[in-house]
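Colleague:
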Amino acid sequence: MKLTLRVWRQKNADADGAMSTYEVDGVSPDMSFLEMLDTLNEELILKGEDPVAFDHDCREGICGACSLVINGDAHGPERTTTCQLHMRSFRDGDTLDIEPWRASAFPVIKDLVVDRSAFDRIIQAGGYITAPTGSAPEAHATPVPKPDADLAFEHAECIGCGACVAACPNGAAMLFTSAKVNHLNVLPQGAPERETRVLDMVAQMDEEGFGGCTLAGECATACPKGIPLTSITSMNKEWLRATRKVAKR
Amino acid sequence: MALATRTDRRPSLARTVWDSSVGKKAVMAVSGIVMLLYLVVHMIGNLKIFFGPGEFDHYAHWLRTLGEPFMHYEWTLWLIRVVLVAAVVAHAVSAYQLSRRDLRARPSKYVHKKARASYATRTMRWGGVILGLFIVWHLLDLTTGTVHSGGFQEGHPYQNVVDTFSTWYGNVVYLVAMLALGLHVRHGFFSAAQTLGAGSRTRNRALRAVADVLALLLTAGFVAVPVGVMTGVVS
Amino acid sequence: MTDYVTYPTGAPVCDTKAPSGPVHERWDKRRFEAKLVNPANRRKHTVIVVGTGLAGGSAGATLAEQGYHVVQFCYQDSPRRAHSIAAQGGINAAKNYRNDGDSVHRLFYDTVKGGDFRARESNVHRLAQISVEIIDQCVAQGVPFAREYGGLLDTRSFGGVQVSRTFYARGQTGQQLLLGAYQALSRQIAAGGVELHPRTEMLDLIVVDGRARGIVARDLVTGAVSTYFADAVVLASGGYGNVFHLSTNAMNSNATAVWRAHRRGAYFANPCFTQIHPTCIPRTGDHQSKLTLMSESLRNDGRIWVPRAKGDTRPPHEIPEDERDYYLERIYPSFGNLVPRDIASRAAKNVCDEGRGVGPGGQGVYLDFADAIRRMGRAAVEAKYGNLFDMYQRITDEDPYRVPMRIYPAVHYTMGGLWVDYDLQTTVPGLFAIGEANFSDHGANRLGASALMQGLADGYFVLPATLNDYLARNPRLDPVDDEHPVVQEALAETEDRLHLLLSVDGDRTPDSFHREVGELMWEFCGMARTEAGLRKALERIPQIRAEFWRRIKVPGTGEEFNQSLEKANRIVDYLELAELMCLDALHRAESCGGHFREESQTPDGEAARRDEEFSYAAAWEFTGTGQAPVLHKEDLVFEYVHPTQRSYA
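See below:
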């Protein structure tokens, strides 16, 4: 396969960026998208040019590092992570636009690499259960109904890649935040911090400069792990419940 | 070691709600539902025009005497107007502030553009602006009569309505606004339900259906009046 | 090369912290004997933790909870991305919830035996004891383990053991456990107990007056190289499987932290013990950047075969039954397709070496579900393995319901690592190594679902107890700063190395060298090793190293985000570590666990251990690049589990 790539190049956070065009030849349909970029980078290095910087690590769809917008789609045309996207999803002669996640809360570090530490700060604001090491009761002391455990798991699957923010027309982090709120608030272990968790995480989300939800639904469509849009609804409900409960205290 | 990772002192309920993007959305949802309920009543009342000037003008007069003798003449109407103005202001201010936040959150656009959200979703902001402008025109036209086309007659709404829809621009403005209303309600009702936490995987199909039906009925009900005038059913 | 292989043998290395007495009382005894630091004094102590995986994340959270000031590093953009996240199967614990005869002693027994008698009894027993507490801890943190309809935890059997002791969260147990540790760590970051440095990579260890006192690290965004000081340094930087270029490790997992510590005096133990997992998706071409594991559970119902004839290129469905060789069932009639990982891997290599491999390049064998689908029905197979089949189809574009899967072994885990004593302290006082970075608990082979258990045991429970003792015994170390000559030297060395990498301006990319050394290692230090092959590799590695420094090309500068520079710098260390791995493999002229020497096998082709000569852990002391290291032996004593020869025929 022969492809034309138009890649966002930006030297650093302060520099202006622009699209640069590259031709790549001899692309195998079995290559992953990132392996295709690897071959481009090998060529660039030998030509003495700066290779394209992009985040990646596990390359098996679970670490959440890879983060490319391909032809306007976060993680490209398939519902998966960029690292699990294969070139057979494209056709010989295609032109591909490759851009970084775009959101003011995710500033570009270089080329296609963005700073997603805002997500970490949202978790730090309350995305945990206070359970100091050694203090835990016997695991079977609190049974958890299977449907609750399954629901918690479904939300806990979030890999924190940020595709939801990248896809959202408002750059909102609602789906990310709600996934963690729901994971922990569904479980009996998470109940004691249920109200503070949702209030603090939402407050931090706002502080980071993410947009709000207009229910465009793009986030859930882009999510490689299939976190449902209803996750946001559940968080809204938790938030309203928490404001009432806390106001009464 | 017990670590207080967050302060337990929290601002008031109102502050919490207004300062939060989720809270402000709830304000939009509640104010939107208030307006929606009013519109349903308004639309049903409008349909009385098909029963002739007597029936319609009588209904308009009755609105002013609503709640008597407990309420004085027009008190109830003014109460409703105050609530509505508050709802419009709350809705618009929240919308403005949330939109500002949304636009700030995505300062640079993708080079490769792709729009996929539904038309109703994407037109919420402009639709809202159109509706806001329409409300102003509508009040100046049929409540105060300031910009009315014919000779505005206080207490004769039937004739006033017929006058308005006898001009081409009256019809155009109204029809455009009602289409915008339908789209706005279609996304807005569903969105409000989600904001208030009423949605769920099992309930969302029903909510979407209700939103569609509401949007359709409201638009059809309101549009029936100018169509009636244009076709001569109402004259 | 001749210099390098004629290594001297130094004094034996002793685990001076290991308590004596009955094995089940040793951990309690050690904990009681350990000195404690007054809670008010803990915040005066700074501890550096490198890595945020299961071991590092849990250690950082727990140490900060105790009141220590933790300074933590990860090369990723977030602690949540550490490669522990990719573990699929589960985590073992001797809870005996199934009432199927499990116990701490049985888990201990299985682990020592599974490690082919090359692990310490004391450590393994402690691991089995702690396994029970880990599950409690994780459940309290909100880890959504699989549950039964009664609301209690579900378990499954894993890795050929006879009890059902593996707790799991679908196929993402590692992810869920890591997020639990990450969340605990996040809580401490918010509370100010942990100072986190993401996108920062450790490039050297600072040893002052014989003690680990800090690290040199590079900010991967700005390129700034700076120093960080502490009273103790904990390495939780994972394994070194990426020496092989292609492995199931994350692309950026690397050996730099442990190798730099080794160069600064920490002994490296059993470097040749690597685990090769039999069921990975084969490579598709030279562009391959990493390999993906498929859960071992597939072997429960899939049948492994290759064509009987060499070079048979017919598609699988055209090969009649009597022209297929179900080689595992043929060679190991009683265990069949369920033989342990190392045996299944080696058998696959053998048939491929004979020219009977399938798929592109002949590096693959079929894992066929046709019989299972006939027997159980497609729906049952789908219910059991649906997500794995989907993953396979996404990567290969082949439908495993209709076409047999192709699998091939891949490097997956490294049992070797920095030598540590019972306290997880290396031979450099004040330097601790936890998780996959140390060598301690798995001997020559790791059982399935034990890596997660060890990482969390080390981080949540063992290290916090033993580090206390070290800090209590060294309450007031002299302050260190950048002016100290040792620090200046470490900084200068790092900066010189980076500068040199940038200034060679040769004609080969970092990746081309990584590939070259990786392929060499896979060929000669992979699934089956021979003296001749290892000697050949030991001859080649110094040549590659020399070529590297002549021809490497790293674009850009050091003062910016430069992924090529990061990679090249990691390869510098692979080129030294690879040599040590080959030497260790050469010196250990026996077969055990993941280390198979063709010279040492039973008449029926099984691994033959030689306990009289090799019942020890080999701890290597660094003496200089390309110079023969010194071997220090730690004798292994088995009081409770008596060594036997494995047999699966």
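Residue numbers (UniProt numbering), protein chains in the order written: chain A, 1 to 249; chain B, 1 to 235; chain C, 1 to 649. Note that the Cβ used here is the ideal one computed from N, Cα and C, for glycine as well.
Specify whether the segment 213 to 228 of chain A and the segment 157 to 172 of chain A touch according to this definition: at least 3 beta carbon pairs, one from each stretch, less than 8 Å apart.
Modeller: Contact between the segment 213 to 228 of chain A and the segment 157 to 172 of chain A is present, because at least three Cβ pairs lie under 8 Å.
Colleague: Throw me the rounded Cβ distance for the L501 of chain C and L565 of chain C pair, which I believe falls under 8 Å.
Modeller: At roughly 6 Å, the Cβ-Cβ gap stays under 8 Å, so L501 of chain C and L565 of chain C are in contact.
Colleague: Considering only the beta carbon of each residue, do G93 of chain A and T4 of chain A sit closer than 9 Å?
Modeller: Yes, they are a contact pair.
Colleague: Pick from C:F548, C:L583, C:E398: whose alpha carbon is nearest that of P282 of chain C?
Modeller: Ranking C:F548, C:L583, C:E398 by Cα distance to P282 of chain C puts C:E398 first.
Colleague: If you measure from the beta carbon of N41 of chain A to each beta carbon in chain B, is any gap under 9 Å?
Modeller: Answer no: the Cβ-Cβ gap between N41 of chain A and chain B never drops below 9 Å.
Colleague: Quick one: which unbroken beta strand (DSSP E) runs of 3-plus residues sit fully inside the segment 51 to 119 of chain A? Chain order, please.
Modeller: Listed in chain order, they are 68 to 70, 95 to 100, 108 to 110.
Colleague: Beta strand (DSSP E) containing Y392 of chain C: first to last residue?
Modeller: Y392 of chain C -> not in any beta strand (DSSP E); alpha helix (DSSP H) instead, spanning 378 to 396.
Colleague: Please report the Cβ distance between R80 of chain C and Y168 of chain C, rounded to the nearest whole angstrom; I am assuming they are in contact, meaning their Cβ atoms lie under 8 Å.
Modeller: Not really, about 20 Å apart at Cβ, beyond 8 Å.
Colleague: Applying a beta-carbon distance threshold of less than 9 Å, which residues of chain B neighbour P169 of chain A?
Modeller: Near P169 of chain A (Cβ distances below 9 Å), the residues of chain B are D102, R106, A115, A117, T121, R122.
Colleague: At a Cβ threshold of 9 Å, is I232 of chain A touching chain C?
Modeller: Judged by the 9 Å Cβ criterion, I232 of chain A is not in contact with chain C.
Colleague: Rounded to whole angstroms, what's the CA-CA distance from A211 of chain B to S191 of chain B? Just pull it up for me.
Modeller: Using only the alpha carbons, I get a separation of about 9 Å.
Colleague: Does H112 of chain B come within less than 9 Å of chain A when only Cβ atoms are used?
Modeller: Closer than 9 Å to some Cβ of chain A, the Cβ of H112 of chain B qualifies, so yes.
Colleague: Nearest to A585 of chain C by CA position, among C:V234, C:E133, C:L534, is which residue?
Modeller: For the residues C:V234, C:E133, C:L534, the minimum Cα distance to A585 of chain C belongs to C:L534.
Colleague: Is there a Cβ from chain A that is less than 9 Å from the Cβ of V17 of chain B?
Modeller: Yes, V17 of chain B lies at the interface with chain A (some Cβ there is under 9 Å from its Cβ).
Colleague: Can you check whether the C-beta of H187 of chain B is within less than 9 Å of a C-beta belonging to chain A?
Modeller: For H187 of chain B, the answer is yes, since a Cβ of chain A falls inside 9 Å of its Cβ.
Colleague: What residues in the segment 84 to 110 of chain A have a beta carbon less than 8 Å from any beta carbon of chain C?
Modeller: Per Cβ criterion, the list reads Q84, H86, R88, I109, K110.
Colleague: Below 8 Å on the Cβ atoms is my guess for I552 of chain C versus V504 of chain C; work out the distance and round it to an integer in Å.
Modeller: Confirmed, Cβ separation roughly 5 Å.
Colleague: For Y4 of chain C and V258 of chain C, what's the separation of their Cα atoms in angstroms?
Modeller: Rounded to the nearest angstrom, the two C-alpha atoms are 21 Å apart.
Colleague: Looking at G90 of chain C and T166 of chain C, is the spacing between their C-beta atoms short of 9 Å?
Modeller: Yes, they are a contact pair.
Colleague: Rounded to a whole number of angstroms, what is the C-alpha to C-alpha distance between R198 of chain C and N242 of chain C?
Modeller: Reading off the sequence, residue 198 of chain C comes out as Pro, not Arg. Distance between the alpha carbons of P198 of chain C and N242 of chain C is about 21 Å.
Colleague: Is the distance from the Cβ of D478 of chain C to the Cβ of D209 of chain C below 9 Å?
Modeller: The answer is yes: Cβ separation under 9 Å.
Colleague: So, helix, strand or coil for P429 of chain C, using DSSP?
Modeller: Coil.
Colleague: Alpha carbon to alpha carbon, what distance is there between G364 of chain C and H334 of chain C?
Modeller: Contrary to the premise, residue 334 of chain C reads as Ser rather than His in this sequence. Distance between the alpha carbons of S334 of chain C and G364 of chain C is about 24 Å.
Colleague: Using a Cβ-Cβ distance cut-off of 9 Å, determine whether A532 of chain C contacts chain A.
Modeller: So, not an interface residue.
Colleague: Looking at the C-beta of R6 of chain A, does it have a partner C-beta in chain B at a distance below 9 Å?
Modeller: Interface residue, yes.
Colleague: Which residue wins for smallest C-alpha separation from L181 of chain B, given the options B:L84, B:G221, B:Y169?
Modeller: Looking at the Cα atoms, B:G221 is the closest of the given residues.
Colleague: Give the C-beta separation of N270 of chain C and F439 of chain C to the nearest angstrom, bearing in mind that I take them to be a contact with Cβ-Cβ under 8 Å.
Modeller: At roughly 5 Å, the Cβ-Cβ gap stays under 8 Å, so N270 of chain C and F439 of chain C are in contact.
Colleague: Going along the chain, which residues of its own chain have a beta-carbon closer than 7 Å to the beta-carbon of V194 of chain C, five neighbours each way excluded?
Modeller: Correct list, in chain order: G60, A64, V70, Q72, L185, Q188.
Colleague: Excluding the 5 residues preceding and the 5 following L220 of chain C in the sequence, name in chain order all residues of the same chain whose CB lies nearer than 7 Å to its CB.
Modeller: These residues qualify, in order along the chain: Y75, R199, T200, E201, F561, E566.
Colleague: Does the beta carbon of Y413 of chain C sit closer than 9 Å to a beta carbon anywhere in chain A?
Modeller: No, no contact with chain A.
Colleague: For the alpha helix (DSSP H) containing S503 of chain C, list its first residue and its last residue.
Modeller: Run containing S503 of chain C: 485 to 504, per the alpha helix (DSSP H) assignment.
Colleague: Using a Cβ distance threshold of 8 Å, determine whether the segment 423 to 441 of chain C contacts the segment 119 to 138 of chain C, with at least three qualifying pairs required.
Modeller: Result yes; three or more Cβ-Cβ pairs closer than 8 Å.
Colleague: Drop a sphere of 10 angstroms on the beta-carbon of R59 of chain A, count the other beta-carbons inside from all chains shown, and report buried for 16 or more, exposed for fewer.
Modeller: Buried, because 16 or more other Cβ atoms sit within 10 Å of the Cβ of R59 of chain A.
Colleague: Output needed in chain order: residues of the segment 67 to 92 of chain C with a Cβ under 7 Å from some Cβ in chain A.
Modeller: Answer in chain order: Q76, D77, S78, R80, R81, H83, I85, A86.
Colleague: Name the one or two DSSP bridge partners that S32 of chain A has.
Modeller: In DSSP, S32 of chain A forms a bridge with A:H86.
Colleague: Under 8 Å between beta-carbons, which chain C residues line up against H140 of chain A? List them in chain order, please.
Modeller: Going along chain C in sequence order, the residues near H140 of chain A (Cβ under 8 Å) are Y97, L152, L153.
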